[in-house]
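Under the numbering used here, the first residue of the sequence shown carries the number 1, and numbering increases by one thereafter. Just so you know, even glycine gets a beta-carbon here, dropped at the ideal spot from N, CA and C. Data block below; observations after.
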Amino acid sequence: MSKAYVDPARCKACELCIAFCPKQAIEMTNHLNAAGYKHVQVIEEKCIGCGICYTVCPDMVFTVTEQAR
Ligand code: SF4
Ligand code: SF4
């Protein structure tokens with residue numbers, strides 16, 4: 001099953017990915033990254049690995065990987 005992973009250091013908290021995720025699998029945290037932005041996290045149980053977040057994020061925060069079943 002494929003899943004999306006976040007690189008928190010790259011996020012700028014624009015929330016585009018939250019708006020586009022079809023499974024509401026992305027949420028904003030209250031943690032600040034080194035640049036001073038809050039960052040998102042993926043709720044793994046909800047993620048279907050569709051890759052939309054990877055496509056819409058302007059800051060290359062996401063990696064979507066295939067995992068062995
Ligand atoms: S891969 Fe799809 S389901 Fe998973 S977090 Fe990204 S947009 Fe949401
Ligand atoms: S689209 Fe990218 S930069 Fe914007 S909140 Fe989502 S992960 Fe962060």
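Buried or exposed by the 16-neighbour rule on C-beta atoms within 10 Å, applied to residue i
{"i": "Ile26", "result": "buried"}
{"i": "His39", "result": "buried"}
Cβ neighbours of residue i in the same chain (closer than 6 angstroms, five flanking residues each side left out)
{"i": "Leu16", "result": "Val56"}
{"i": "Phe62", "result": "Ala4, Cys53, Tyr54"}
{"i": "Asp7", "result": "Val61"}
Same chain, Cβ closer than 8 angstroms to residue i, five either side skipped, listed in chain order
{"i": "Ala35", "result": "Ala9, Lys12"}
Beta-carbon proximity list for residue i, same chain, < 7 angstroms, skipping 5 on both sides
{"i": "Asp59", "result": "Arg10, Cys11, Lys12"}
Short CB-CB distance (under 7 angstroms) between residue i and chain D
{"i": "Cys53", "result": "In the structure shown, chain D cannot be found, because there is only a single protein chain."}
3 or more residues per run - each beta strand (DSSP E) lying fully within the region 6-68: 26-32, 38-42, 62-66
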